[in-house]
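A.B. asks: Submitted below is the structure of interest, expressed as structure tokens.
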Amino acid sequence: MSTTALLVFRGLGAGLAWTIAVDAYILASVKESTWTQKSVTRGGSCKTRNAFKLLSSLCKRNMLGFASFLGIFAGVSCSLEKAREKNDVLNEFAGGFTAGLVCMLRELRDPRALLTSAFVCGSASMALHFFIPAVDKNETRTR
78 MSTTALLVFR GLGAGLAWTI AVDAYILASV KESTWTQKSV TRGGSCKTRN AFKLLSSLCK
138 RNMLGFASFL GIFAGVSCSL EKAREKNDVL NEFAGGFTAG LVCMLRELRD PRALLTSAFV
198 CGSASMALHF FIPAVDKNET RTR
């Protein structure tokens, strides 16, 4: 299995884990008055049904977001690694920058904020690659 496909599957798992760990916790801590207010506006449907609908839509969004970010990141960084025949921090920066740029297009309308967010994603990817290098099974670790 390719690295890109593996990261897409890991992104799906990360999105599911995020939904369970974060979104489910937030939904569990919502006050009863808020659920009652939402039930009245939605025609009296039950609390469990509303929570399930909300949690399933959040799960889809999170899984798609994580999978697309990691898929774009892996595709760009692996393509650059093959094209440049180098495994350095520039590949990781370009992968993170591109993934951040593409994934934030719908969220940020200001070009400056969009480029800043993409730059931060690229810088974080570069720093993670520098401080936590990927080790191949055939390589020996020098650090």
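So the mapping is simple: our numbering equals the position in the sequence shown, first residue as 1, plus 77.
Idealized CB from N, CA, C, for every residue including glycine.
Since this is a predicted model, take the numbers as computed values, not measurements.
1) Out of curiosity, what's the CA-to-CA distance linking S225 and P210?
2) Relative to the C-alpha of L131, which residue among A101, G172, T80 and G173 is closest?
3) Out of curiosity, what's the CA-to-CA distance linking I103 and L135?
4) Can you tell which of C180, N139 and L147 has the C-alpha that lies nearest to the C-alpha of W95?
5) Three-state secondary structure (DSSP) at C123?
6) Sorted by chain position, which residues of the same chain lie with C-beta nearer than 8 Å to L157's C-beta, five sequence neighbours on each side aside?
7) Assuming T80 contacts A151 (C-beta within less than 8 Å), just tell me the rounded distance between them.
8) If you compare alpha carbons, which of A91, S106, R183 and A176 is closest to F196?
9) When the Cα of E109 is compared with those of G92, M78, T193 and T125, which residue comes out closest?
10) Helix, strand or coil: how does DSSP classify R138 here?
11) Tell me whether V107 sits in a helix, a strand or coil according to DSSP, three-state version.
C.D. replies: On the basis of the coordinates in this document:
1) Since the first residue shown for the chain is 78 and the last is 220, residue 225 is missing from the structure and cannot be characterised.
2) For the options A101, G172, T80 and G173, the alpha carbon positioned closest to that of L131 is the one of A101.
3) 12 Å
4) N139
5) coil
6) L167, N168, A171 and G172
7) So it is a contact: roughly 5 Å between Cβ atoms.
8) A176
9) When only C-alpha atoms are compared, the closest one is T125.
10) DSSP places R138 in helix when its eight states are reduced to three.
11) coil
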